[in-house]
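A.B. asks: Here the protein sequences come in this chain order: A and B.
For the first sequence, the residue numbers in my numbering are 1 to 212.
For the second sequence, the residue numbers in my numbering are 213 to 424.
Each residue gets a CB set at the ideal place from its N, CA and C atoms; glycine is no exception.
A single structure is presented below for examination.
There are 2 protein chains.
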Amino acid sequence: MSTVGNPANIFWHENPVGKAEREKLLNQQGCVVWITGLSGSGKSTLACSLGRELQSKGKLSYVLDGDNLRHGLNKNLGFSPESRTENIRRTGEVANLFADAGLICIASLISPYRKDRDACRALLPDKKFIEVFMNMPLQLCEDRDPKGLYKLAREGKIKAPHFVGFTGIDDPYEPPLNCEIEIQLKDGVVPTPHEMAGQVVSYMENEGFLEA
Amino acid sequence: MSTVGNPANIFWHENPVGKAEREKLLNQQGCVVWITGLSGSGKSTLACSLGRELQSKGKLSYVLDGDNLRHGLNKNLGFSPESRTENIRRTGEVANLFADAGLICIASLISPYRKDRDACRALLPDKKFIEVFMNMPLQLCEDRDPKGLYKLAREGKIKAPHFVGFTGIDDPYEPPLNCEIEIQLKDGVVPTPHEMAGQVVSYMENEGFLEA
């Protein structure tokens, strides 16, 4: 394999380390947990809780948060329909890279349009995209309004020309048709972060994601 | 911490898992190894060899290859000066995410302009950006011409209107001024892939990257 003295012979490319080898090192299976739902539905709360639960089991995960990415990778994108689609496309591509690296990538974005989510799903091998729908009533999310955005939207204060509309108010949220996991009220009560994470972890354990 | 029966009280956000915790799990330090140099200088060869060497030591790395990314995350970019800059910016942002996730991210791109590389360096915490300069003579790279691109460039066949020029031929390569590692000929002989990887691994060991 030596190329000493024979520079023309260096094109031999070593076999790159493959996904399976990384997964064996980590004793888990790379995948994407894609959390979708209205603003205020608990996406970030679940993402954090799930990350912590996985860490406690010795599993490596990483959270891609829609808001955070807009400060970095997606900082040159606005909120037009095209920009929102590109925002989700890039996030899906990066999530796919993380899954290929062997990590459990937890993506947390409103991602209101079915076609954008399905495009992200299509990037991954079969069954490696776990769509989690935060199915919380709009009224509940609006009552929470953690960022004060529903109030602004109702007052018509975030309808700048570049803004397509606020999801749930003047832009639609398209619920998944075939998501892997649905988080919802139980007897009218919101599950705790720990309960929500447990629901996802149970699914992942049953599907064999938490071992290589 | 329970929010049962009190939906309005869910805004408490669990502490997200931090970089230090992931690094402890992996027993390594997240960082970016940024390999820059002419086409044909051996960037991909080093990236593969380094990835394999790290894997054999039980360390988790992931290669971001400039060409590969153009099939995914960067597939909507061409080769104008703006597009090349955006190509490198996005790669730098993703590399930063991988380093934050605790991985040793190996980025392999021609990245000919100093300002673009320095912008990527600036994204990372101090000393977490390891710039590796493949300092091989143009003549050697052109003799290798693994993709046949130098030949096309010399024949003027890749000067499409959208193309800024071919690095080394009609577009400049700006060598790093203060790179951490320089790979070069030794007594006129090209180092083997194993030797090149060893040079990088030695640096990383000395700097403490291979333990948490």
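If you reduce the DSSP assignment to three classes, tell me which class Leu64(A) lands in.
C.D. replies: In this structure, Leu64(A) counts as strand in the three-state DSSP scheme.
A.B. asks: At least one CB of chain A closer than 8 Å to the CB of Gln411(B): is that the case?
C.D. replies: It does not; no Cβ of chain A falls within 8 Å.
A.B. asks: Please state whether the Cβ-Cβ distance between Thr167(A) and Pro112(A) is less than 8 Å.
C.D. replies: Yes.
A.B. asks: For the beta strand (DSSP E) that Asn347(B) lies in, which residues bound it at each end?
C.D. replies: Here the beta strand (DSSP E) through Asn347(B) covers 341-347.
A.B. asks: With distances taken between CB atoms, is the gap from Ile395(B) to Phe345(B) smaller than 8 Å?
C.D. replies: Yes, Cβ-Cβ distance for Ile395(B) and Phe345(B) is below 8 Å.
A.B. asks: Return yes when the Cβ of Gln28(A) is within less than 8 Å of the Cβ of Leu60(A), no when it is not.
C.D. replies: Yes. Within cutoff.
A.B. asks: If the cut is a Cβ gap below 8 Å, which residues of chain B does Leu25(A) touch?
C.D. replies: What Leu25(A) touches in chain B: Gln267, Gly270, Leu272.
A.B. asks: Out of Glu211(A), Lys19(A), Arg144(A), Gly40(A), state which residue places its alpha-carbon closest to the alpha-carbon of Ala99(A).
C.D. replies: Here the closest residue by C-alpha is Lys19(A).
A.B. asks: May I ask you to list the residues that DSSP assigns as paired with Glu394(B)?
C.D. replies: Phe345(B), per the DSSP bridge assignment.
A.B. asks: Using the Cα positions of Cys260(B) and Arg333(B), report the straight-line distance between them to the nearest angstrom.
C.D. replies: Taking the straight line from one Cα to the other gives about 22 Å.
A.B. asks: Can you tell which of Gly148(A), Asp187(A), Ile110(A), Asp118(A) has the C-alpha that lies nearest to the C-alpha of Ser41(A)?
C.D. replies: Checked all of Gly148(A), Asp187(A), Ile110(A), Asp118(A); the closest Cα to Ser41(A) is Ile110(A).
A.B. asks: Whose CA, out of Glu423(B), Ser320(B), Ile381(B), Pro349(B), lies closest to the CA of Thr443(B)?
C.D. replies: Residue 443(B) falls outside the range modelled here, since chain B spans only 213 to 424, and no answer is possible.
A.B. asks: Helix, strand or coil for Thr238(A) per DSSP?
C.D. replies: This structure cannot speak to residue 238(A), because chain A is shown only from 1 to 212.
A.B. asks: For the region 102-122 of chain A, enumerate the residues whose C-beta is nearer than 8 Å to any C-beta of chain B, in chain order.
C.D. replies: Those residues of the region 102-122 of chain A that come within reach of chain B (Cβ to Cβ, closer than 8 Å) are Gly102, Leu103.
A.B. asks: Could you give the first and the last residue of the continuous alpha helix (DSSP H) run that contains Ala107(A)?
C.D. replies: First-last for Ala107(A): 104-108, but that is the beta strand (DSSP E), not the alpha helix (DSSP H).
A.B. asks: For Gly51(A) and Arg366(B), what's the separation of their Cα atoms in angstroms?
C.D. replies: When rounded, the distance between both Cα atoms is 52 Å.
A.B. asks: Determine, using beta carbons only, whether Tyr415(B) and Ile318(B) come nearer to each other than 8 Å.
C.D. replies: Cβ atoms of Tyr415(B) and Ile318(B): not closer than 8 Å.
A.B. asks: Check the Cβ-Cβ distances between Arg366(B) and every residue of chain A, and say whether any is below 8 Å.
C.D. replies: Not closer than 8 Å to any Cβ of chain A, the Cβ of Arg366(B) fails to qualify, so no.
A.B. asks: Could you tell me the alpha carbon to alpha carbon distance between Ile393(B) and Leu250(B), rounded to whole angstroms?
C.D. replies: Approximately 16 Å between the Cα atoms of the pair.
A.B. asks: Alpha carbons only, please: which of Gly420(B), Glu417(B), Gln411(B), Gly360(B) is nearest the one belonging to Ile247(B)?
C.D. replies: Minimum Cα distance to Ile247(B) is reached at Gln411(B).
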